[in-house]
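A short write-up of the structure that comes next.
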Amino acid sequence: LSLVAPGKVPAVRFGVLAAALVFLASACGGGDGAADKGGSAIRVTSEDGSQVKLPDEVHAWCGPGPFAPQAEHEKAPTPPKPRELWVVGGRLPAEDAEEADTFWVFSWPTKAIERSPRIELPDEGEALHAALFVYDSETPNEFSSSEEDAKGVIQVENWGCEKGDTVRISVDATLDGELFETPTATAEGEVETVIGDPMPIPD
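At position 120 of the sequence shown the residue is numbered 126 (the working numbering), and the sequence of numbers has no breaks.
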């Protein structure tokens, strides 16, 4: 599963990611999600040769993941959502937005990064969502690192969760399309930024 249900980006149902109040209370830092210093040199190119025009601004923080693990049995309390490292290119759409601008999201459990900073694709089993998701508003297409034809590597080169910590992620991968007959896309390059204020996640 990706961060966004296939075909749902214009409506953007981010309620499955994290409730806003819980998110802001648990994440590192706080504020309006202003872009952090740094930048992205990641390039995403569809298999037809067209390049996705990715936004320049990059945000990074640590906070709850989008999904809680499944309870051991029906009456058991829901386990807490694991803490994850988030890096977002662009801005996530508002809950009531009819259209969304191009954006990309990297999110992965910090405990998994501690065990191994190298994520082999497709990234099945470690989390209940894609490590990397890209939405291209011009096509519109959705590309994911967890789909069947995804392959390659996402490497967390440097990271931390304290405000001001440097985060550097490199990507050398093929992302699979999430929609029916959507093309694949190559994603390659590096993004470097610093931990700052969390972005609000629409319900």
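For glycine and all other residues, C-beta sits at the position ideal for the given N, C-alpha and C.
Terminal residues of the alpha helix (DSSP H) in which residue i lies
{"i": "Glu120", "result": "Thr116 to Arg121"}
Alpha carbon of residue i to alpha carbon of residue j, nearest angstrom
{"i": "Leu60", "j": "Ile48", "result": "8 Å"}
{"i": "Gly183", "j": "Thr172", "result": "30 Å"}
{"i": "Gly202", "j": "Leu91", "result": "12 Å"}
{"i": "Gly71", "j": "Val94", "result": "13 Å"}
{"i": "Leu138", "j": "Ser151", "result": "5 Å"}
{"i": "Glu130", "j": "Val58", "result": "25 Å"}
{"i": "Thr116", "j": "Ser56", "result": "33 Å"}
Residue i: first and last residue of the uninterrupted beta strand (DSSP E) it sits in
{"i": "Val58", "result": "Taken as a continuous stretch (DSSP letters only), Val58 belongs to no beta strand (DSSP E), as it is neither H nor E."}
{"i": "Arg124", "result": "Arg124 to Leu127"}
{"i": "Lys157", "result": "Lys157 to Asn164"}
{"i": "Leu91", "result": "Arg89 to Gly95"}
{"i": "Ala193", "result": "Ala191 to Val200"}
Which of helix, strand or coil DSSP assigns to residue i
{"i": "Leu134", "result": "coil"}
{"i": "Trp67", "result": "strand"}
{"i": "Ala100", "result": "coil"}
{"i": "Thr172", "result": "strand"}
{"i": "Glu144", "result": "coil"}
{"i": "Leu185", "result": "coil"}
{"i": "Phe109", "result": "strand"}
{"i": "Thr84", "result": "coil"}
{"i": "Phe139", "result": "strand"}
{"i": "Phe149", "result": "strand"}
{"i": "Asp178", "result": "strand"}
Neighbourhood of residue i by C-beta distance below 8 Å, restricted to the same chain and skipping five residues each side
{"i": "Lys14", "result": "Here Lys14 scores only 43 on pLDDT, less than 50, and its place in the model is too uncertain to base an answer on."}
{"i": "Pro123", "result": "Gln161, Val162, Glu163 and Trp165"}
{"i": "Gly35", "result": "Because the pLDDT of Gly35 is 35, which lies under 50, any placement of that residue in the model is unreliable, and the question is left without a value."}
{"i": "Pro4", "result": "A question about residue 4 goes unanswered here, because the residues of the chain that appear run from 7 up to 209."}
{"i": "Asp54", "result": "Pro189"}
Proximal residues to residue i (C-beta, below 6 Å), its chain only, five neighbours per side dropped
{"i": "Ser1", "result": "Any answer about residue 1 is impossible in this case: the structure gives the chain only from 7 up to 209."}
{"i": "Pro128", "result": "Ser152 and Ala156"}
{"i": "Trp110", "result": "Gly95 and Val140"}
Same chain, Cβ closer than 7 Å to residue i, five either side skipped, listed in chain order
{"i": "Asp178", "result": "Gly158, Val159 and Glu194"}
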